[in-house]
Amino acid sequence: MYRQGKWDLRQLVKDHKSPEFARQIANLQEMVKRFEDQKDNLKPSIPSSEFLKILKSIERISENASIIGGYASLLYSADTQSDEATSLVTRVAKLGSEIENKMLFFDLWWKRKIDEKNAQRLINKAGTLGEYLRHKRLLAKYTLSEPEERIINTLDVTGPTALVKIYDKITNGFEYNITLNGKKKTMTREQLTVLVRNTNPKIREMAYKTLLTKYQQNKGVLGEIYQNLVLNWKDEGVEIRGYSSPISIRNIGNDVDNKTVESLLEVCKENAHVFYDFFSYKAKSLGMKKLRRYDLYAPNLKKIKERNYTYEKATKLVLESLAKFSPTLSDYAKRVFAENHIDAEIRKGKRDGAFCSTVSPNITPYVLVNYTGKSRDVFTLAHELGHAVHSVAASKQSILVSEAPLPLAETASTFSELLLYDNISNQMSNDERRLILSEKIDDLYATVMRQAFFTLFEIDAHDQIAKGTTVDELSKKYSENLKSQFSNSVELSEDFAIEWSCIPHFFHTPFYCYAYSFGNLLSLSLYQRYKKEGSSFEKPYIEILAAGGSQKPEILLDQYGINIRDKRFWQDGFDYIRSQVKELTLLN
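Just add 880 to wherever you are in the sequence shown, counting from 1, and you've got my numbering.
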C-alpha cells in the first residue's frame, strides 16, 4: 500500500512540453489582462460588492499562478541537476514577476491611495479576507512607487533568486567520498548525515569532517553568495523600504510583533542550560567524559540496536498516531498517499531535507522526504504530514489567507511528532523508551535551541556584513555563537566554524529559523493542554489550524488563552523540556 517512490505531479500539469501547458499559461495571462481592465474602477467610493469581485479575480489568478509555479518548483526539487527543470523554474519565475508587475497597481492603490475610512469600510465587508487586507495596509509604509516595485520584481529573478539557485546547484551537486569499513563510497548529503548518528565515534567524526571539509573548500563562492544575499536583504528592506532592522522584515511579513520574537529569543538564550544535563547524560551513556560536537546526535545507548523502520511501517505508525488524537486529521494525511503526492525515495540530484508544499487549498499538499529507514526519518515523515494536515484543515480559507504565518506554520508539524512519540513510547520496553526519549530530547534541542541560536547568529551576521566583513570573520562569529550556546557542556572543534554555510535557510529564507523554536514551544504548550483536557481538545486544536492566516497570531491565540508576548509563556515550554530531561535520567 505504501510504496517509497516518486510523486505524481500530473494533477498540476500533465506535460509541461505540451500545447495544453501553453494554454494554461495563456489562460492565466488572459485573466491578468482582464484584471488590468479593472484599474479604472478602483476609487475610494467603490461599492463593496464590486470590490469583492476584484478580490475574487485575485484569488483565481493566485490559484492558477500557484499551480504553474508549484509544478515547476516541485519538478526542480525532484531533480535539481535537470537542465530542463532548471530552465522551467527560470521561465516560470519570469512569468510570475511579469504577472506581479501587472497586478501591482491594486496593491499600491490599496496601500496608498484609499483613505482609512473607506479602507475600513471595505475590510469590514471582506469577511475572512479582512486580515489579508489589513496586513497589506500594515505593509503600506514599506511600499515603493509602482515603477520602483516593478524594477525590484524584475531584477529579483536575476538577482537574489538566481543566487539562491546557484547555491542550490552547487551544494546539491556535492558528492562526498568516504571510506567505510575499508570500502570507498560516494554519498549524497542525506546518506552522509545518517552517519553522524552512527554508534562508532570515529565514523561520526569522519562524517562531519567530510561534510564540513567540502563546504570549507567552497567557502569562497558560498560566502560570496551569502554576503550578496544579505546585502540585498538590507539594501532593499532597510535602506530603500525603511524597515527598522533585517529581522523586522521577516517579523512584519509573518504578521508577528517584534516584541513577541524578542521575548522568544531572550527566553531561549536564558534557557540554554536546560540541555546541559542532557549533554552530560549522553556523554556518560557513551562512556565519554565530555560530549564532542561530533557526538551531539549519537545514539545514546550502545547496547540497544537502533530500529530500522520500513517505509510501510513508518507510514502506518504516523497515521495511527494522528488517528488516536483525531480521526479527522488522520484522514487528511491519508490523502497525501492516496493521491501519490509524496516523494520519499533517495536519489542523486534530488533536493536534500524534507518539505511540504501547498500549491492550492483545493489540491492535496505535496510532501518531499528522503527516507532512509531510521527513527528520525519516521519523525520527519510525521512532521511533514503535520504540515499537510494543517493545510487541509485550512483548505476552506481563500488562497489569500489559507497559509498560516510562518511562526504558526510549525505548530501542527511539531504536534504530530509529539503524538508519534506518545504512540511509539507506549509500545516499547524501558530500554527502548530511553532511546526514543533521548532522541526526542535531541530533536527538541535541534528544533528549539539550535534554531533560536541560528537566528541569533543571523542577527549578528547581517549586522557584521553590513559593516564589511570576510568569510573567516563570519566563521569566527559562528564559533562564538556555538560557545555561547554550549558553554562548557560540549567540546567544540574549529572545523564547525564553517557550519553556517551548510544551513540552506540562511540563503533561502533569512530569519526563518525562529519559526521552528516558536512552533515547537507553542506545540509543547498545546500538547500539555491536550493531555489535561483529553478528546475535548480536538475541536479547538483543529479550529486553530483551520484559521490558516486569517487572523494575526497574537489575536488568534489570545482567544484560546495563549499570550505569546509574555516571556512566561515561552518559559512553560522549557519547563516541559526540563521535565523530559529529568524523566530520562530517572529511567537510567
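Built from N, CA and C at the ideal position, the CB exists for glycine as well.
- Query: Exposed or buried, G950, counting other C-beta atoms within 10 Å across all chains shown (16 or more means buried)?
  - Reply: buried
- Candidates A906, Q891, A958 and P924, of which the one nearest A1224 by Cα: A958
- Note down, in chain order, each residue of its chain lying with its Cβ closer than 8 Å to the Cβ of S925, except the 5 sequence neighbours on either side. The answer, listed in chain order, is N998.
- Query: According to DSSP, which residues form a beta bridge with I1058?
  - Reply: Looking at the DSSP output, I1058 bridges to K1065.
- Query: Which residue spans inside the region 1156-1221 form an unbroken alpha helix (DSSP H) run of at least 4?
  - Reply: 1156-1165, 1191-1205 and 1207-1218
- Message: Do S1381 and Y1106 have their beta-carbon atoms positioned less than 8 Å apart in this structure?
- Response: yes
- Message: For the pair the region 1011-1020 and the region 1423-1438, tell me if three or more CB-CB distances fall below 8 Å.
- Response: yes
- Message: Suppose the cutoff is 8 Å on Cβ atoms and the five residues either side in sequence are ignored; what does the same chain contact list for V1101 look like?
- Response: I1050
- Buried or exposed: where does I1435 fall if 16 or more other Cβ atoms within 10 Å of its Cβ makes it buried? Under this definition I1435 is an exposed residue.
- Please name the residue or residues paired with S1237 in a DSSP beta bridge. Y1246
- Message: Just to confirm my understanding: we take R1313, look at its own chain, exclude 5 residues before and 5 after, and list those with CB closer than 8 Å. What are they?
- Response: S1305 and L1467
- Give the DSSP-derived three-state secondary structure of D1223 in the structure shown. strand
- Task: Output the boundary residues of the alpha helix (DSSP H) element that contains Q1344.
- Result: R1330 to K1347
- Pick from A1020, R1030, K1196 and G1007 that is closest to R1121, judged by C-alpha positions: When only C-alpha atoms are compared, the closest one is A1020.
- If we call anything under 8 Å between Cβ atoms a contact, is A1203 one with S1210? yes
- Message: Can you check which of these residues, E1463, I1457 and D1452, is closest to S1143 by C-alpha distance?
- Response: Closest option to S1143, Cα to Cα, is D1452.
- According to the neighbour-count rule (16 or more other Cβ atoms, all chains shown, within 10 Å of its Cβ), is D917 buried or exposed? exposed
- Other residues of its chain near E943: CB distance less than 6 Å, five sequence neighbours each side excluded: S1240 and I1279
- Residue closest to L1402, alpha-carbon to alpha-carbon, out of Y1456, N1310, L955 and T1350: Y1456
- Short check: CB of M1329 to CB of F1155, under 8 Å? Yes, they are a contact pair.
- Beta-carbon spacing of R1084, Y1174 below 8 Å: yes
- Taking C-beta to C-beta, are L1109 and T1090 nearer than 8 Å? no
- Item | Sheet register partners of E1371 (DSSP bridge) | In DSSP, E1371 forms a bridge with R1172.
- Task: Within 10 angstroms of the Cβ of Y1440, are there 16 or more other Cβ atoms? Answer buried if so, exposed if not.
- Result: exposed
- Taking only the alpha-carbon atoms, compute the straight-line gap between S953 and V969 and give it to the nearest angstrom. 6 Å
- Item | Within 8 Å, strictly: CB atoms of A1234 and V1216 | No, the Cβ-Cβ distance between A1234 and V1216 is not below 8 Å.
- Task: Entirely within the region 1062-1128 and at least 3 residues each: give me those beta strand (DSSP E) ranges in chain order.
- Result: Qualifying beta strand (DSSP E) stretches, in chain order: 1063-1067.
- Message: For H1263, count the other beta carbons within 10 Å of its own beta carbon; 16 or more makes it buried, fewer makes it exposed. Which is it?
- Response: buried
- What's the call for P927, buried or exposed, on a 16-neighbour Cβ count within 10 Å? Looking at its Cβ environment, which holds fewer than 16 other Cβ atoms inside 10 Å, P927 is exposed.
- Following the continuous alpha helix (DSSP H) through V1269, name the residue where it begins and the one where it ends. S1255 to A1273
- Query: How is Q918 classed by DSSP in three states: helix, strand or coil?
  - Reply: coil
- Query: Assuming L1075 contacts L1336 under a Cβ cut-off of 8 Å, what Cβ separation, rounded to an integer in Å, is found between them?
  - Reply: 28 Å between Cβ atoms; not a contact.
- Message: Which of the three DSSP states is assigned to Q1307 in this structure?
- Response: coil
- Between A1274 and Y1392, what straight-line distance do the alpha-carbon atoms span, to the nearest angstrom? Distance between the alpha carbons of A1274 and Y1392: 21 Å.
- Measuring CB to CB, does V1037 end up less than 8 Å from K974? Result yes, Cβ atoms of V1037 and K974 sit closer than 8 Å.
- Item | Residue from A1087, I1032, T1034 and N1033 whose Cα sits closest to the Cα of N1057 | A1087
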